Amino acid sequence: MLTERERQPDLIQELSSRFGADLLAEQPSGDGITTVWIGRDKATALLSHLKHEISQPFAMLYDLAGIDERARAHRDGQPPSDFTLAYHLTSYQRNQDIRIKVPLSEQDPSVPSITGIWPNANWYEREAWDMFGIEFKGHPNLQRILCPPTWEGHALRKDHPARATEMEPYSLDQDKTEFEQEALRFRPEQWGMKRESEENQFMFLNLGPNHPSVHGVFRIALQLDGEEIVDAVPDIGYHHRASEKMAERQSWHTYIPYTDRVDYLGGVMNNFPYVMAVEKLAGIEVPERAKVIRIMMAELYRVASHLVFYGTFAQDVGQLSPIFYMFIDREKLFEIIEAVTGARMHGGWFRIGGVAQDLPRGWDTMIREFLDYMPARLKEYDKMVMENSILKRRTQGIGSYTTAEAMDWGVTGPGLRATGFAWDYRKNRPYSGYENFEFDVPTGNRGDCYDRCAVRVEEIRQSLRIIDQCLRNMPGGPYKAEHRLTTPPPKERTLHDIETLIQHFVNVSWGPVIPAGEACTPVEATKGLNSYYLISDGGTMSYRTRIRTPSFPHLQMIPLISRGLYVADLIAIIASIDFVMADVDR
C-alpha cells in the first residue's frame, strides 16, 4: 500500500517554492505523513495557504494537539521546542494528510488562533489551552473546556501529577464550597449570549447535563425566544477521565483495555487504531488471519453500535417500540462476541501483533446463524422506522449541512457521507486488508437528520456483507505475529522454558520497548474517524498519546444546525449525531 509521501511526492516542493527558508525542518514519521516545522509567525500564513490557495486544498482540520517536549530525549532533526503544536490537515481531493508542527518556548507558549480559517479549531484550541497552557491569541472564548473552570495547572504537562496520590488530599471547606458554587453560576454573557433583544427578553434553558435526550453527561445552554432556538451552546467535560494522561503511565500493552472505554459502544473498534499505531512504530507485520479476524470483530461491533443508534434515534423522536426489538438483536451479537472474546461491551481483545486468541470452535456456525437472521429484521425496521410518516416529518430537512460545512467543522464518517460525499477510510485508504472486501459506501443527499440515520442503516447491511466475506474466506495461519515485540508472546512459547516465561512476564508487566518515533493511525470507526497519534521516546510507555475522536468535533457543530429551529428539533438533531460522551471528553 502506498504511503502518504508516495501518493503526493511533490507536496514539500510546493511548500518550499512558496515558503522557502520559513520552513524550519522536514521530519520523518512512522506513519509516512508529510510533516514540516514552521515558526509561529508564519504558521497562520502556511495553514491559510494549505486551505485556500494550494491546488487540491486541505479542506479539513482533522486534529490539533499539543506536545510537552521538555522531558523528551529522542528529538533528532527537530527544532528546539518546549511545547509543540501539531496541526493535522486532510485533503480529500489529494487523498492525503499533512502535519504542520510549530515550536513554542516555555516562556511564551502562544500562537495566533486559526478559528478564522477553520471554525472547528475553536474547541481544539481551548483543549490545548486547558491541557498545556498554550495561548491562542485572537481566540473568541479561550477558557477551559474539559477541566472545571477552577482547575489549577495544565493536566497534560509533564510536571502535572498523574495520580491522586501525588497530590494533597482533597478537602472542601465552606469557603471553597462557596467559591466552587459561584464558579458554576450561569452568566449568559460568558457564553456569548445576550439577555434581551430590542423586542423582548430571552429565556435560558439548561438541557442536561443529566437528561435522557443528551445521551450522557452533556449540557447545552439554550437561548430561547419562546420555543425558537436563538443559540445553543454545548458544554462538555463532565465525563473527562484523563485517558491521554493515563496512557503516559501504562505500558504499551496494558493500555489496550483503556481504549475500549472511549467509544464504549465500539468495543474492539477502539483497540484497532491504537494497536496499529504501535505496530507501525515497532515494525510489526500482522498475519493475514489476524487481519481478517480484526475486520470481522470490528464490523460486528459496528452493527451493534448502529443498532443502539437506530433504536435511540427512533425513541428520541417518539417511537418507543423499535429500541426493544433492536436490543434483542444486539444481545444476539453480544453472544457471538462473548463466545470469541470472553467479554461483551468491552472486549479488549486486540493485541500488539494480532489478537488475544484464535477463534473458538463453532464460531462460524454462530456467525452464519446471525447473517441468516438479520436481513429480515432490517426489512421490518425499514417499515417500522424509516417509512414512518411522522418520523420523516420530524427529521427530513432538520439539522441540514453541506459537504463544505461538514469539512469546515471536522465532520467525518456517516455524518459526512449523509451530505452526498462518498468517502470511507476503508475504501479510500484501506487498512488491515479492507481492500480485499467488496462493499458499497452509502450516502445521503440532504445532510439532514433523516439521511444521517439512513446512511447508518445501510451501513449495517454493508457490514453484514463484509462479515459474510470474512466467514467464507477466513485464511489459515497464526493469529499473532512472530515478532519479539508482539505482546504478549504466543501462549505456546510462554511456558517452554524459563527464558520464555521471563519474556512473557517482562512484556506484560513492563511492556515491550518500542523504538522512538511518531505514528498516527485512523480507522473508520462507528461514529467517524478515530485515530491514535502515538509518540514513543524509546521506552516501555507512551511519551504522548493523542486520541482524536469523531464525537468531539461533531458536537461543536450543534449551534450552526439548530439556530432558528425548535427545542423538539434539537432533540432530533442530537439523536442523529450518534455520540457518546466518553468519546467526546476522553
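Remember, the working numbering sits 4 above the position in the sequence shown when you count from 1.
Ideal placement from N, C-alpha and C gives every residue a C-beta, glycine not left out.
Source: prediction; values computed, not measured.
From residue i to residue j, what distance separates their C-alpha atoms?
| i | j | result |
| --- | --- | --- |
| isoleucine 470 | glycine 322 | 32 Å |
| arginine 199 | glutamate 193 | 8 Å |
| alanine 529 | arginine 298 | 13 Å |
| glycine 220 | glycine 414 | 22 Å |
| serine 217 | alanine 586 | 16 Å |
| arginine 465 | phenylalanine 583 | 21 Å |
| proline 446 | histidine 310 | 14 Å |
| aspartate 452 | histidine 500 | 59 Å |
| isoleucine 4 | aspartate 333 | The structure shown has nothing for residue 4, since the chain only spans 5 to 590. |
| leucine 324 | phenylalanine 136 | 45 Å |
| tyrosine 128 | leucine 68 | 6 Å |
| threonine 407 | leucine 564 | 14 Å |
| isoleucine 4 | phenylalanine 354 | No answer is possible for residue 4: it lies beyond the span of the chain, which begins at 5 and ends at 590. |
| serine 546 | threonine 263 | 14 Å |
| proline 516 | serine 255 | 8 Å |
| aspartate 472 | threonine 369 | 12 Å |
| alanine 286 | isoleucine 149 | 34 Å |
| arginine 265 | isoleucine 341 | 17 Å |
Is it right to say residue i is buried, meaning 16 or more other beta carbons lie within 10 angstroms of its own, or is it exposed?
| i | result |
| --- | --- |
| serine 21 | exposed |
| proline 557 | buried |
| glycine 241 | buried |
| alanine 360 | buried |
| proline 107 | buried |
| aspartate 112 | exposed |
| glycine 532 | buried |
| arginine 460 | buried |
| tyrosine 174 | exposed |
| glycine 480 | exposed |
| asparagine 126 | buried |
| tyrosine 259 | buried |
What residue range does the alpha helix (DSSP H) around residue i cover?
| i | result |
| --- | --- |
| aspartate 163 | Unbroken run through aspartate 163: none, as it is neither H nor E. |
| glutamate 503 | 502 to 513 |
| valine 296 | 292 to 320 |
| tyrosine 377 | 367 to 385 |
| glycine 417 | Where glycine 417 is concerned, there is no enclosing alpha helix (DSSP H), given that its DSSP letter is neither H nor E. |
| valine 461 | 453 to 476 |
| isoleucine 3 | Shown here, the chain extends from 5 to 590; a query on residue 3 therefore has no answer. |
| valine 571 | 571 to 581 |
| proline 557 | 555 to 560 |
| leucine 395 | 393 to 399 |
| glutamate 496 | From DSSP, glutamate 496 is part of no alpha helix (DSSP H); its letter is neither H nor E. |
| phenylalanine 23 | 15 to 23 |
| glutamate 184 | 178 to 187 |
What residues in its chain sit with their C-beta under 7 Å from that of residue i, if we drop five residues either side in the sequence?
| i | result |
| --- | --- |
| arginine 9 | Note on arginine 9: pLDDT 46, under 50, position unreliable in the model; no value is reported. |
| asparagine 432 | Asn99 |
| glutamate 184 | Thr154 |
| glutamine 60 | Ser95, Gln97 and Arg98 |
| isoleucine 327 | Gly315, Thr316, Ala318 and Gln319 |
| phenylalanine 443 | Gln466, Arg469 and Ile470 |
| histidine 78 | Ala520, Asp541 and Gly542 |
| proline 277 | Thr525, Pro526, Val527, Asn534, Ser535 and Tyr536 |
Which stretch, first to last residue, makes up the beta strand (DSSP E) that contains residue i?
| i | result |
| --- | --- |
| tyrosine 483 | First-last for tyrosine 483: undefined, no H or E at that position. |
| alanine 523 | 521 to 528 |
| serine 540 | 533 to 540 |
| arginine 550 | 548 to 552 |
| alanine 29 | 27 to 30 |
| valine 445 | Neither: valine 445 is in no beta strand (DSSP E) and is coded neither H nor E. |
| isoleucine 42 | 38 to 42 |
By Cβ distance below 8 Å, which residues in the same chain neighbour residue i in space, the five residues on each side in sequence not counted?
| i | result |
| --- | --- |
| threonine 498 | Pro492, Thr504, Leu505 and His508 |
| leucine 93 | Leu51, Leu54, Lys55, Phe62, Met64, Leu65, Tyr66, Asp101, Ile102, Arg103 and Ile104 |
| proline 261 | His350 and Gly352 |
| arginine 381 | Tyr329 and Asp333 |
| tryptophan 514 | Ser255 and Thr544 |
Return the chain-ordered list of same chain residues with a C-beta closer than 6 Å to the C-beta of residue i, the five sequence neighbours on each side being excluded.
| i | result |
| --- | --- |
| alanine 572 | none |
So with Cβ pairs under 9 Å, would you call residue i a contact of chain C?
| i | result |
| --- | --- |
| histidine 500 | This model lacks chain C altogether; it includes just one protein chain. |
At a cut-off of 8 Å, would you count residue i as near the ligand MG, judging by its Cβ distance to the nearest heavy atom?
| i | result |
| --- | --- |
| alanine 586 | Judged by which ligands are present, the structure shown has none, so any question about the ligand MG falls away. |
Can you check the stretch 197 to 236 for any alpha helix (DSSP H) of at least 4 residues that lies completely inside it and give the ranges in chain order?
-> none
Going along the chain, which unbroken runs of the beta strand (DSSP E) with 3 or more residues stay wholly within the stretch 253 to 281?
-> none
Kindly provide the ranges of any alpha helix (DSSP H) runs that are 4 or more residues long and lie completely inside the stretch 75 to 160, ordered along the chain.
-> 125 to 136
Continuous alpha helix (DSSP H) assignments of at least 4 residues falling wholly in the stretch 44 to 80 = 44 to 52
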